[in-house]
Amino acid sequence: MKLILSGFGRMGQALFNGWQKESAARDCLIIEPFAEKAPDGATLYKNIDDVPQNTAADAVIFAVKPQVMADVLPPYRRFISEDTVFISIAAGKTIAVMEELLSPEAKIIRAMPNTPAAVGKGITVACGNSRVTEADQKTALSLLEATGKALWTDEEARMNAVTAVSGSGPAYVFYLIETLAAAGEKSGLPPETAMALARETVIGSAALAADAAGTPAAALREAVTSPGGTTASALAVLMDDKAGLQQLMDKAVAAATARGKELE
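With positions in the sequence shown counted from 1, the corresponding number in the numbering used here is that position plus 53.
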């Protein structure tokens, strides 16, 4: 598979490293003006204009910041063909925007990864325009799965909610670690101990959830909760019908979803 990867920051590197493990990047061109040398298994160009004119690609992946898309995409119009699919992981940039920058004739896929992709534990959701075939979907998902799990949706309107849950979600988890550690301090633990307990508890719980992938989260929660015990007392606060964690999370995800719509 002939790949062109535009952008070699954190997400671009995560994708490439995943492809290397799967031997899918044996013929990969990286376009990155700030890179000094190509990684093993790739050819580096500072600018897309430096790529030979007779070059073709099975997939062009844009791993660049949203604010530079208007400058980056137009020169890639020369790769538009029935055999080439364009995949963008730039947050918030709609398919319509990419069609305007490339062409409505281009096969375009919009994807939303999250930062755990950097350690191969990410999740990405993708959608495409009407020109994308089932084979193109499979190609895109196979490339995106290099950083974790990948899902497909036929409705682009869902992407703002996807961003609110998984794209922004790691920040919610990191804040949970912060607040749990702070609560531990208030209960008398030294700061270092409180942070270590909070961080490792979240890491361990996530690993346990991953190991029990077919088990509902509610069942895992119930397995930790003894009637009348300490966990039950804490959950009574967190699961309060009027001011519990669910109500806060509903508001947080709704706010992020609304902001995503505003930024389109």
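A virtual CB, placed ideally from N, CA and C, is assigned to each residue, including glycine.
Q. Over what stretch of residues does the beta strand (DSSP E) that includes V218 continue unbroken?
A. Within the sequence shown, residue 218 is the residue found at index 165, counting from 1. Counting along the chain, V218 falls outside any beta strand (DSSP E), and DSSP gives it neither H nor E.
(Q) What would DSSP say about I133, mapped onto helix, strand or coil? (A) Along the sequence shown, read from residue 1 onward, the residue named residue 133 stands at position 80. Here I133 sits in coil by DSSP.
Q) So, are the CB atoms of R131 and K160 less than 9 Å apart? A) The residue given as residue 131 occupies position 78 in the sequence shown. The residue given as residue 160 occupies position 107 in the sequence shown. No.
Q: Could you give the DSSP three-state label for G201: helix, strand or coil?
A: Your numbering for residue 201 matches position 148 in the sequence shown. Here G201 carries a strand assignment [DSSP, helix/strand/coil].
Q: Work out the CA separation of C180 and M292 for me, nearest whole Å.
A: Your numbering for residue 292 matches position 239 in the sequence shown. Your numbering for residue 180 matches position 127 in the sequence shown. Note on geometry: alpha-carbon atoms of M292 and C180 lie some 35 Å from one another.
Q: Compare the beta carbon distance of A110 and L97 with 9 Å and say whether it is the shorter of the two.
A: Residue mapping note: residue 110 aligns to position 57 of the sequence shown, counting from 1. Residue mapping note: residue 97 aligns to position 44 of the sequence shown, counting from 1. No; because the gap between Cβ atoms is not below 9 Å, this pair is not in contact.
Q: Indicate whether the contact test is met: 3 or more Cβ pairs, each with one atom in the segment 215 to 231 and one in the segment 188 to 196, closer than 8 Å.
A: Pairwise C-beta distances place the segment 215 to 231 out of contact with the segment 188 to 196, as fewer than three of them are shorter than 8 Å.
Q. Which full runs of the alpha helix (DSSP H) of 4+ residues lie inside the segment 246 to 290, going along the chain?
A. Counting whole runs of 4 or more residues, the segment 246 to 290 contains the alpha helix (DSSP H) stretches 270 to 277.
Q: Have a look at T216, A203 and A259 and flag the residue whose alpha-carbon is nearest the alpha-carbon of I230.
A: Reading the sequence shown from its first residue, position 177 is the one you call residue 230. Of the candidates T216, A203 and A259, the one whose C-alpha sits nearest the C-alpha of I230 is A259.
Q) By a C-beta neighbour count over all protein chains shown, 10 Å radius and 16 as the cutoff for buried, is Q66 buried or exposed? A) Position 13 of the sequence shown, counted from the start, is the residue given in the question as residue 66. Label assigned to Q66: buried.
Q: Report the residue from A305, A112 and W72 whose alpha carbon sits nearest the alpha carbon of T216.
A: As a first step, residue 216 is located in the sequence shown; it is residue number 163 there, counting from the start. Check the Cα spacing between T216 and each of A305, A112 and W72: the tightest is with A305.
**Q.** Cα-Cα separation between A214 and V277, rounded to whole angstroms
**A.** Locating residue 214 in the sequence shown gives position 161, where the first residue counts as 1. Locating residue 277 in the sequence shown gives position 224, where the first residue counts as 1. When only Cα atoms are considered, A214 and V277 end up about 30 Å apart.
**Q.** Host beta strand (DSSP E) of F69 (start-end)
**A.** As a first step, residue 69 is located in the sequence shown; it is residue number 16 there, counting from the start. Where F69 is concerned, there is no enclosing beta strand (DSSP E), although the alpha helix (DSSP H) it sits in stretches over R63 to K74.
Q | Assigned exposure category for R163 - 16 Cβ within 10 Å defines buried | A | As a first step, residue 163 is located in the sequence shown; it is residue number 110 there, counting from the start. Burial of R163 is indicated by the presence of at least 16 other C-beta atoms within 10 angstroms of its C-beta.
Q. Can you name the start and end residues of the beta strand (DSSP E) that V125 belongs to?
A. Taking the first residue of the sequence shown as position 1, residue 125 is located at position 72. Taken as a continuous stretch (DSSP letters only), V125 belongs to no beta strand (DSSP E), being part of the alpha helix (DSSP H) at M122 to V125.
Q | Residues of its chain near K55, where Cβ-Cβ distance is below 7 Å and the 5 sequence neighbours each way are ignored | A | The count along the sequence shown starts at 1 and reaches residue 55 at position 2. If we look at K55 and ignore the five residues flanking it on each side, its Cβ neighbours are D80, A109, A110 and D111.
Q. Mind checking whether L204 and V178 have CB atoms under 9 Å apart?
A. As a position in the sequence shown, residue 204 is number 151, starting the count at 1. As a position in the sequence shown, residue 178 is number 125, starting the count at 1. In this structure, V178 lies closer than 9 Å to L204 by Cβ.
**Q.** Residue span of the alpha helix (DSSP H) that contains F312, given as start and end
**A.** Looking up residue 312 in the sequence shown gives position 259. Looking at the sequence itself, residue 312 is Arg, so the reference to Phe does not match. Counting along the chain, R312 sits inside the alpha helix (DSSP H) bounded by residues L298 to L316.
Q: State the start and end residues of the unbroken alpha helix (DSSP H) segment that holds A170.
A: Counting from 1 along the sequence shown, the entry for residue 170 is found at position 117. Where A170 is concerned, there is no enclosing alpha helix (DSSP H), given that its DSSP letter is neither H nor E.
Q: Give the straight-line distance between the Cα atoms of W72 and A271, rounded to the nearest whole angstrom.
A: Here the question's residue 72 lines up with position 19 in the sequence shown. Here the question's residue 271 lines up with position 218 in the sequence shown. Their backbone Cα atoms lie some 35 Å apart in a straight line.
Q: Check each candidate in Q299, K118, P92 and E85 and name the one with the smallest Cα separation from V104.
A: As a position in the sequence shown, residue 104 is number 51, starting the count at 1. Of the residues Q299, K118, P92 and E85, the one whose Cα lies closest to the Cα of V104 is E85.
Q | For V125 and F115, believed in contact at Cβ under 8 Å, the rounded distance | A | Taking the first residue of the sequence shown as position 1, residue 115 is located at position 62. Taking the first residue of the sequence shown as position 1, residue 125 is located at position 72. Contact check for F115 and V125: beta-carbon distance about 7 Å, within the 8 Å limit, so the pair qualifies.
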